[in-house]
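First comes the structure, then the notes that go with it.
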DNA sequence: GTAGGGTTAG
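Numbering (the UniProt record's numbering), first residue to last: 1 to 517.
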């Protein structure tokens, strides 16, 4: 158009800027900006709004803000444009400031700040804003708002508020669009209710069912340790003619991993490019290395590390460290830990896993050394915490804590369980505990880990036979894993623990993770 | 003609 000499008007410029933004062509964008100035359209509100977005998305926040300030008649769209740019560029502080300066925030503004909270994983903050919006702003939520709010609930594994959102959208007859469908499936999956996730999945209208909804189901099942069900679902999907993307395939590998299906995993991994036109990416290699490592094929895992077209990242070294722990391989463990400490010095989990490896090999001087390193470098173990939700109340537990109103009963329950546990073969794994206290004190602490307290509370606070659902902020500890398996049998209860990585369904003395985690 | 939402991996 330009070369034909057709003059661009104020209606064409916004689309051109949008195209520059989408293709990240900042050079062209600046040229077009020049044309705007030359042709005298630099006061048009639409033109300026689209320029705000262009500059912000290309990282030129200062210029973007300058253009924003120069808009003669700023509308709510101008404010929202900048607001969303701040949110997407992780400048949440600036976003909040801008939001507070707005005289009349509309639904898009609210959606932007709520999405911003979710992005930072400040789930409670997101829900708090959501409530404030409903109560005080006179703006009512739309499907965008609800999908962010659902994501906040899912991220926190908090089914109750999510369910209320579900009820709300039914009452308002909003119907399930693609995003709400995924949001609900993921909510139920992440809060431990796979049956409900499946029910929602089944009622998503066909045209709203996307590869993302399928992936959420398959990934959810994998996280719950239902590896074979996940693969069944994958086959069902293929039968429907839906093509997997790279995320679906990560979940498929993860499903094989948790079901111990090494051969299937290898088959999927080596044929994914041919069958599904998805080239193995870093994350697929990391999964495959994890699978091989867990299965004890450490040499094969290392070979893949050395031959893959990527530099080993934290996920890869983490997988190797985990494998080293399971198979008690001190050499590999220390190598992986060293790499990880370089890559992620701020995480305490690496030191702890390595200490566990030393401990299980009886290398107490190694354990002591790590304890010293942690002390000197000020790496603090994040305190383990567990939660149990009853009705809409959340009960929190910390190791050895007695402050819960029913503390006495909880400790009595654990005491009562100690004899049947011992008879069932439970031996405290004192060596896995790193607290800097005497052996006897250690056994006591171990027996009062937060997840054990939460389970004991579940036993006394829910009716006989009801499933017990616990959440934990770290990986479940090995000793607790063993103990809870036995408790599920002794007390005839299904116990579901969501740890930082996945779900453990304990039933009749076994765990759905197959002790593979 | 300008602004906003979803799935994965240690």
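By construction, the Cβ of each residue, glycine as well, lies at the ideal position given by its N, Cα and C atoms. Small disclaimer: the values here were computed from a predicted structure and weren't measured.
Could you tell me the distance, in whole angstroms, from the CA atom of residue i to the CA atom of residue j?
i, j, result
"residue 448", "residue 396", "14 Å"
"residue 376", "residue 95", "38 Å"
"residue 19", "residue 128", "36 Å"
"residue 100", "residue 182", "31 Å"
"residue 513", "residue 253", "15 Å"
"residue 3", "residue 38", "16 Å"
"residue 317", "residue 154", "28 Å"
"residue 446", "residue 311", "39 Å"
"residue 450", "residue 46", "56 Å"
"residue 430", "residue 464", "31 Å"
"residue 266", "residue 225", "19 Å"
"residue 164", "residue 63", "43 Å"
"residue 360", "residue 499", "22 Å"
"residue 157", "residue 322", "25 Å"
"residue 363", "residue 175", "60 Å"
"residue 392", "residue 336", "42 Å"
"residue 87", "residue 107", "15 Å"
"residue 339", "residue 478", "24 Å"
"residue 43", "residue 70", "9 Å"
"residue 313", "residue 442", "35 Å"
"residue 348", "residue 10", "56 Å"
"residue 509", "residue 424", "10 Å"
Going by C-alpha distance, which of the options is nearest residue i?
i, options, result
"residue 298", "21, 329, 429 and 247", "329"
"residue 398", "405, 452, 282 and 465", "452"
"residue 459", "427, 168 and 413", "413"
"residue 285", "144, 303, 277 and 502", "303"
"residue 426", "227, 402 and 481", "481"
"residue 89", "274, 217, 60 and 407", "60"
"residue 49", "155, 81, 345 and 152", "81"
"residue 475", "515, 369 and 327", "515"
"residue 384", "369, 352, 367 and 368", "352"
"residue 289", "277, 417 and 256", "256"
"residue 294", "333, 309 and 365", "333"
"residue 242", "250, 212 and 230", "212"
"residue 52", "41, 325, 79 and 197", "79"
"residue 179", "466, 205 and 10", "205"
"residue 315", "282, 346 and 372", "282"
"residue 278", "245, 287 and 331", "245"
"residue 75", "102, 239, 118 and 135", "102"
"residue 417", "400, 402, 440 and 489", "489"
"residue 240", "261, 327, 382 and 210", "210"
"residue 13", "365, 23, 29 and 272", "29"
In terms of residue numbering, what span does the alpha helix (DSSP H) encompassing residue i cover?
i, result
"residue 179", "178-190"
"residue 291", "282-294"
"residue 270", "262-276"
"residue 89", "No alpha helix (DSSP H) holds residue 89; DSSP gives it neither H nor E."
"residue 460", "450-461"
"residue 114", "107-119"
Just checking my contact of residue i with residue j at CB under 8 Å: how many whole Å lie between their CB atoms?
i, j, result
"residue 270", "residue 247", "With a Cβ gap of about 19 Å, residue 270 and residue 247 do not count as contacting."
"residue 493", "residue 468", "6 Å"
"residue 126", "residue 148", "7 Å"
"residue 462", "residue 390", "7 Å"
"residue 194", "residue 220", "6 Å"
"residue 200", "residue 185", "5 Å"
"residue 85", "residue 56", "3 Å"
"residue 188", "residue 196", "4 Å"
"residue 406", "residue 356", "32 Å between Cβ atoms; not a contact."
"residue 123", "residue 167", "Contact doesn't hold; Cβ gap of about 19 Å is too wide."
Can you list, in chain order, the residues of its chain with a C-beta nearer than 6 Å to that of residue i? Leave out the 5 residues immediately preceding and following it.
i, result
"residue 32", "16"
"residue 502", "223"
"residue 111", "144 and 145"
"residue 190", "154 and 157"
"residue 350", "337, 340 and 341"
"residue 26", "58"
"residue 358", "366 and 367"
"residue 505", "496 and 512"
Short of 7 Å in beta carbon distance, which residues of its chain neighbour residue i, apart from the five on each side in sequence? Order them along the chain.
i, result
"residue 394", "387"
"residue 228", "259"
"residue 83", "95, 98, 99, 109 and 112"
"residue 483", "421, 426 and 452"
"residue 36", "13, 42 and 47"
Cutting at 8 Å between CB atoms, please list the residues of its own chain near residue i, excluding the five before and the five after it.
i, result
"residue 410", "404, 453, 456, 457 and 460"
"residue 268", "249, 252, 253 and 256"
How far does the beta strand (DSSP E) with residue i in it reach, from first residue to last?
i, result
"residue 506", "503-507"
"residue 389", "385-390"
"residue 381", "Run containing residue 381: none; DSSP gives neither H nor E here."
"residue 402", "Counting along the chain, residue 402 falls outside any beta strand (DSSP E), and DSSP gives it neither H nor E."
"residue 468", "468-472"
"residue 66", "No beta strand (DSSP E) holds residue 66; the alpha helix (DSSP H) holding it covers 61-70."
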